[in-house]
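Chemist: My questions all concern the structure below.
There are 2 protein chains.
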Amino acid sequence: MLKDEQIYQKLLKAIVEHKLPPGERLPEDKLAEAFGISRTGIRKVIQRLALERFVIVEANKGAHVNRPSRQEAEEVLNSRILLEPQLIPDIVNNWTAKHAKHFYAMVDEENHADEQGWLSQSIQLTAQFHYELAAISNNSILAEFVEQLCYRSSLVLAAYGSRKSVSCDSGDHAELLALLDARETAQAQQWMEHHLIKVKQSISLDGNDCAQIDFQRLFSEM
Amino acid sequence: MLKDEQIYQKLLKAIVEHKLPPGERLPEDKLAEAFGISRTGIRKVIQRLALERFVIVEANKGAHVNRPSRQEAEEVLNSRILLEPQLIPDIVNNWTAKHAKHFYAMVDEENHADEQGWLSQSIQLTAQFHYELAAISNNSILAEFVEQLCYRSSLVLAAYGSRKSVSCDSGDHAELLALLDARETAQAQQWMEHHLIKVKQSISLDGNDCAQIDFQRLFSEM
DNA sequence: TGCAGAATAATCGTATACAAAAATATAGGT
DNA sequence: ACCTATATTTTTGTATACGATTATTCTGCA
Numbered sequence: 001m002l003k004d005e006q007i008y009q010k011l012l013k014a015i016v017e018h019k020l021p022p023g024e025r026l027p028e029d030k031l032a033e034a035f036g037i038s039r040t041g042i043r044k045v046i047q048r049l050a051l052e053r054f055v056i057v058e059a060n061k062g063a064h065v066n067r068p069s070r071q072e073a074e075e076v077l078n079s080r081i082l083l084e085p086q087l088i089p090d091i092v093n094n095w096t097a098k099h100a101k102h103f104y105a106m107v108d109e110e111n112h113a114d115e116q117g118w119l120s121q122s123i124q125l126t127a128q129f130h131y132e133l134a135a136i137s138n139n140s141i142l143a144e145f146v147e148q149l150c151y152r153s154s155l156v157l158a159a160y161g162s163r164k165s166v167s168c169d170s171g172d173h174a175e176l177l178a179l180l181d182a183r184e185t186a187q188a189q190q191w192m193e194h195h196l197i198k199v200k201q202s203i204s205l206d207g208n209d210c211a212q213i214d215f216q217r218l219f220s221e222m
Numbered sequence: 223m224l225k226d227e228q229i230y231q232k233l234l235k236a237i238v239e240h241k242l243p244p245g246e247r248l249p250e251d252k253l254a255e256a257f258g259i260s261r262t263g264i265r266k267v268i269q270r271l272a273l274e275r276f277v278i279v280e281a282n283k284g285a286h287v288n289r290p291s292r293q294e295a296e297e298v299l300n301s302r303i304l305l306e307p308q309l310i311p312d313i314v315n316n317w318t319a320k321h322a323k324h325f326y327a328m329v330d331e332e333n334h335a336d337e338q339g340w341l342s343q344s345i346q347l348t349a350q351f352h353y354e355l356a357a358i359s360n361n362s363i364l365a366e367f368v369e370q371l372c373y374r375s376s377l378v379l380a381a382y383g384s385r386k387s388v389s390c391d392s393g394d395h396a397e398l399l400a401l402l403d404a405r406e407t408a409q410a411q412q413w414m415e416h417h418l419i420k421v422k423q424s425i426s427l428d429g430n431d432c433a434q435i436d437f438q439r440l441f442s443e444m
């Protein structure tokens, strides 16, 4: 049987990868059955997802996947534009050859996923690149916050991004790595700001709803 | 009977005002009794407080008020040093005479509380000044995050600050207001950074433990 | 046929029950 | 008297039960 941290991870993954699209209802007993636990445990992870704004709960009406407003989408990206460049000096300070190797490998993975058209993996890897970078800084509080913002960005892209906008920006993550290798702090900061502004500008409306979801099947193959 | 949002607020207030000191255990049934609800509702707010790092829960051992490590204390203040000055340009843009009046009144309250030696009110007002300022910016996500950091700062000061360090910095909040009135963005940013650096430097060790708490009495007089 | 209102079903909110784990108290032996 | 092992109590973790609220279906009437 699964621990609730794992259930949280699975649900979050399903949400940010758009397997559970914005607006999708999350009935407690269906989920409880799918994960083989009682409603008590499900409520716990739903409450957490609600605090982190991945789902919205309405009193006596249950929870559904958050469908971010355009305002919320912009605030998420603006937060990242403000924060992530500020972490670069710290990242440069802690940057090692080992880090470089790890992140170059990740970029390769990203490119591969893009070429194969694996959308959900592409979304996941793009977010991962950014929040693992933030984790190199000496501030775990800000790193965690950036991680949350990256996941929320994935949700935003699921709601507003075109298929192209999810992947088109991933190709140039390597450029940032080169700047970090060269310890070009100012340029790396500038790159990060421009990069995130591009992502922000790429979100365009694309509203679509989905059919009923078979929770049992969805979570058994993860 | 109280809603869980109110219970959350009361517990948070008790924690940041040091009425429930760092390390204090939070037994579920005692709290449930004190608030006149079942353990289910208490667990919900404890889980929220845990996600926000105000309490720590250990598996099968229950929850206790977080006793921030020195590293955590520094990270909280460093986060604020990074973030709050960045919000100033937005704040200056939205700054109105109405805001000015409100915040000058708050500074008066702060000074009054300091003079009277009302420590917990002083702590509360200092945090409030900062997070209400952040709320003027156009980014509610960052504003909420700053609010959380301000409350965590209060907890940090409860653990590491001397009595003096809590209040000594509040006298000069008026200086910032003058800079905002004059729309001196750059100077206001600089002021904020210096202000927070002073707060960070003021934390010194002061470890003390407390006796058993009577939850029933504590929450009835709030 | 279409709509209003009542009956039914589904779903949520909260308390309670019970099992598992930890903390504490007790008894026995050196 | 002190340490250790066992028994008791306390406290947490999880499931379940039940009332309350919302959603859906069904029926009767215009």
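Protein sequence lines, in the order shown, are assigned to chains E and R. According to our numbering, the first sequence holds residues 1 to 222 in order. According to our numbering, the second sequence holds residues 223 to 444 in order. Each residue gets a CB set at the ideal place from its N, CA and C atoms; glycine is no exception. Being a predicted model, the structure only gives us computed values, none of them experimental.
Here's a check: name, in chain order, each residue in its chain whose Cβ is nearer than 7 angstroms to the Cβ of residue 66 of chain E, leaving out the five neighbours to either side.
Modeler: Looking up residue 66 of chain E in the first sequence gives position 66. Apart from sequence neighbours up to five positions away, the residues of its chain that approach residue 66 of chain E with a beta-carbon distance below 7 angstroms are 22, 53, 54, 55, 56, 155, ordered along the chain.
Chemist: Answer yes or no: does any C-beta atom of chain R fall closer than 8 angstroms to that of residue 79 of chain E?
Modeler: Position 79 of the first sequence, counted from the start, is the residue given in the question as residue 79 of chain E. Interface residue, yes.
Chemist: Who are the near neighbours of residue 27 of chain E in its chain, counting only those whose CB is closer than 7 angstroms to its CB and skipping five residues on each side?
Modeler: As a working mapping, residue 27 of chain E is identified with position 27 in the first sequence. Hits under 7 angstroms: 62.
Chemist: Just checking my contact of residue 373 of chain R with residue 349 of chain R at CB under 8 angstroms: how many whole Å lie between their CB atoms?
Modeler: For the purposes of this step, residue 373 of chain R is taken as the residue at position 151 of the second sequence. For the purposes of this step, residue 349 of chain R is taken as the residue at position 127 of the second sequence. Their Cβ separation, rounded to whole angstroms, is 6 angstroms, which keeps residue 373 of chain R and residue 349 of chain R in contact under 8 angstroms.
Chemist: If I follow the unbroken beta strand (DSSP E) through residue 56 of chain E, where does it start and stop?
Modeler: Locating residue 56 of chain E in the first sequence gives position 56, where the first residue counts as 1. Residue 56 of chain E -> beta strand (DSSP E) spans 55 to 58.
Chemist: Taking just the CA atoms, how far does residue 395 of chain R sit from residue 211 of chain E?
Modeler: On the first sequence, residue 211 of chain E is found 211 positions in, with the first residue counted as 1. On the second sequence, residue 395 of chain R is found 173 positions in, with the first residue counted as 1. Low confidence applies here, because residue 211 of chain E scores a pLDDT of 38, under 50, leaving its location unreliable; read the following figure in that light. C-alpha separation (whole angstroms): 55 angstroms.
Chemist: What do you get for residue 139 of chain E, buried or exposed, if any count of 16 or more other CB atoms within 10 angstroms of its CB means buried?
Modeler: Translated into positions along the first sequence, residue 139 of chain E becomes position 139. The residue is buried, with at least 16 neighbouring Cβ atoms inside 10 Å.
Chemist: Bridge partners of residue 425 of chain R, per DSSP?
Modeler: Position 203 of the second sequence, counted from the start, is the residue given in the question as residue 425 of chain R. Residue 425 of chain R is bridged by DSSP to R:383.
Chemist: If you draw a straight line from the alpha carbon of residue 355 of chain R to that of residue 313 of chain R, how long is it in whole angstroms?
Modeler: To locate residue 355 of chain R, count along the second sequence from 1; it is residue 133. To locate residue 313 of chain R, count along the second sequence from 1; it is residue 91. Roughly 7 angstroms between the two C-alpha positions.
Chemist: Measuring only from the beta carbon, is residue 421 of chain R closer than 7 angstroms to any heavy atom that is part of the ligand COA?
Modeler: Here there are no bound small molecules, and the ligand COA is not part of this structure.
Chemist: Taking Cβ-Cβ distances shorter than 8 angstroms, what residues in chain R pair up with residue 48 of chain E?
Modeler: Start at 1 with the first residue of the first sequence, and residue 48 of chain E comes out as number 48. What residue 48 of chain E touches in chain R: 269, 273.
Chemist: Pairing CB atoms from the region 3 to 10 of chain E with CB atoms from the region 45 to 52 of chain E, are three or more of them under 8 angstroms?
Modeler: In this structure the region 3 to 10 of chain E touches the region 45 to 52 of chain E; the number of beta carbon pairs closer than 8 angstroms is three or more.
Chemist: Taking its Cβ as the centre, do 16 or more other Cβ atoms sit within 10 Å of residue 383 of chain R, making it buried, or is it exposed?
Modeler: Working through the second sequence from its first residue, we reach residue 383 of chain R at position 161. Classification of residue 383 of chain R: buried, given that the 10 Å Cβ count is 16 or more.
Chemist: Does DSSP put residue 183 of chain E in a helix, a strand or coil?
Modeler: Numbered from its first residue, the first sequence carries residue 183 of chain E at position 183. Coil.
Chemist: Is the CB-CB distance between residue 193 of chain E and residue 85 of chain E below 8 angstroms?
Modeler: For this step, residue 193 of chain E is matched to residue 193 along the first sequence. For this step, residue 85 of chain E is matched to residue 85 along the first sequence. Yes, the pair counts as a contact, with Cβ atoms nearer than the cut-off.
Chemist: Determine whether the Cβ of residue 361 of chain R lies closer than 8 angstroms to any Cβ atom of chain E.
Modeler: By 1-based counting over the second sequence, the position of residue 361 of chain R is 139. Closer than 8 angstroms to some Cβ of chain E, the Cβ of residue 361 of chain R qualifies, so yes.
Chemist: Where does residue 352 of chain R land, buried or exposed, given buried means 16+ other C-beta within 10 angstroms?
Modeler: On the second sequence, position 130 is the one that residue 352 of chain R refers to. Flag for residue 352 of chain R reads buried.
Chemist: With a Cβ-Cβ cutoff of 8 angstroms, do residue 77 of chain E and residue 196 of chain E count as a contact?
Modeler: If you number the first sequence from 1, residue 77 of chain E lands on position 77. If you number the first sequence from 1, residue 196 of chain E lands on position 196. Closer than 8 angstroms, so yes.
Chemist: Between residue 35 of chain E and chain R, is any beta-carbon pair separated by less than 8 angstroms?
Modeler: For the purposes of this step, residue 35 of chain E is taken as the residue at position 35 of the first sequence. So no, residue 35 of chain E is outside the interface.
Chemist: Could you spell out the range, first to last residue, of the beta strand (DSSP E) harbouring residue 63 of chain E?
Modeler: Reading the first sequence from its first residue, position 63 is the one you call residue 63 of chain E. Element bounds for residue 63 of chain E: 62 to 65.
Chemist: Give me the residue from R:368, R:233, R:330 with the minimum Cα distance to residue 265 of chain R.
Modeler: As a first step, residue 265 of chain R must be located in the second sequence, where it is residue number 43. Nearest C-alpha to residue 265 of chain R: R:233.
Chemist: In whole angstroms, what is the alpha-carbon distance linking residue 205 of chain E and residue 159 of chain E?
Modeler: Here residue 205 of chain E is taken as the residue at index 205 of the first sequence, counted from 1. Here residue 159 of chain E is taken as the residue at index 159 of the first sequence, counted from 1. With a pLDDT of 45 at residue 205 of chain E, under the threshold of 50, the modelled position of this residue cannot be trusted; read the value that follows with caution. About 8 angstroms.
Chemist: What residues in its chain sit with their C-beta under 8 angstroms from that of residue 322 of chain R, if we drop five residues either side in the sequence?
Modeler: What you label residue 322 of chain R is simply residue 100 of the second sequence in a count that begins at 1. Cβ within range, chain order: 399, 402, 403.
Chemist: Output the boundary residues of the alpha helix (DSSP H) element that contains residue 134 of chain E.
Modeler: Here residue 134 of chain E corresponds to residue number 134 of the first sequence, with the count starting at 1. Residue 134 of chain E: member of the alpha helix (DSSP H) spanning 119 to 134, first to last residue.
Chemist: What would DSSP say about residue 304 of chain R, mapped onto helix, strand or coil?
Modeler: The residue you call residue 304 of chain R lines up with position 82 of the second sequence. In the structure shown, residue 304 of chain R sits in a helix (DSSP, three-state: H, G or I).
Chemist: Please confirm whether residue 367 of chain R has its beta-carbon closer than 8 angstroms to some beta-carbon of chain E.
Modeler: For the purposes of this step, residue 367 of chain R is identified with residue 145 of the second sequence, where counting begins at 1. Closer than 8 angstroms: yes.
Chemist: Looking at the C-beta of residue 287 of chain R, does it have a partner C-beta in chain E at a distance below 8 angstroms?
Modeler: Here residue 287 of chain R refers to the residue found at position 65 when the second sequence is read from its first residue. Residue 287 of chain R does not count as touching chain E.
Chemist: Below 7 angstroms CB to CB, which residues in the same chain sit around residue 286 of chain R once its five sequence neighbours on both sides are set aside?
Modeler: In the second sequence, the residue the question calls residue 286 of chain R occupies position 64. Correct list, in chain order: 245, 246, 247, 248, 277, 278.
Chemist: Below 8 angstroms between beta carbons: does that hold for residue 142 of chain E and residue 364 of chain R?
Modeler: Here residue 142 of chain E is taken as the residue at index 142 of the first sequence, counted from 1. Here residue 364 of chain R is taken as the residue at index 142 of the second sequence, counted from 1. Result no, Cβ atoms of residue 142 of chain E and residue 364 of chain R do not sit closer than 8 angstroms.
Chemist: Between the region 306 to 334 of chain R and chain E, which residues of the former have a C-beta closer than 7 angstroms to a C-beta of the latter?
Modeler: Result list: 308.
Chemist: Where does the unbroken alpha helix (DSSP H) through residue 41 of chain E begin, and where does it stop?
Modeler: Counting from one through the first sequence, the residue named residue 41 of chain E turns up at place 41. Note, residue 41 of chain E: alpha helix (DSSP H), 39 to 51.
Chemist: With a threshold of 7 angstroms on Cβ separation, who are the neighbours of residue 430 of chain R within its own chain once the five nearest residues in sequence on each side are excluded?
Modeler: Counted from its first residue, the second sequence places residue 430 of chain R at position 208. For residue 430 of chain R, the predicted structure reports a pLDDT of 38, less than 50, and the residue's modelled location is therefore unreliable. The matter cannot be settled from this model.
Chemist: Does DSSP put residue 242 of chain R in a helix, in a strand, or in coil?
Modeler: The sequence position of residue 242 of chain R within the second sequence is 20, counting from 1. It is coil, neither helix nor strand.
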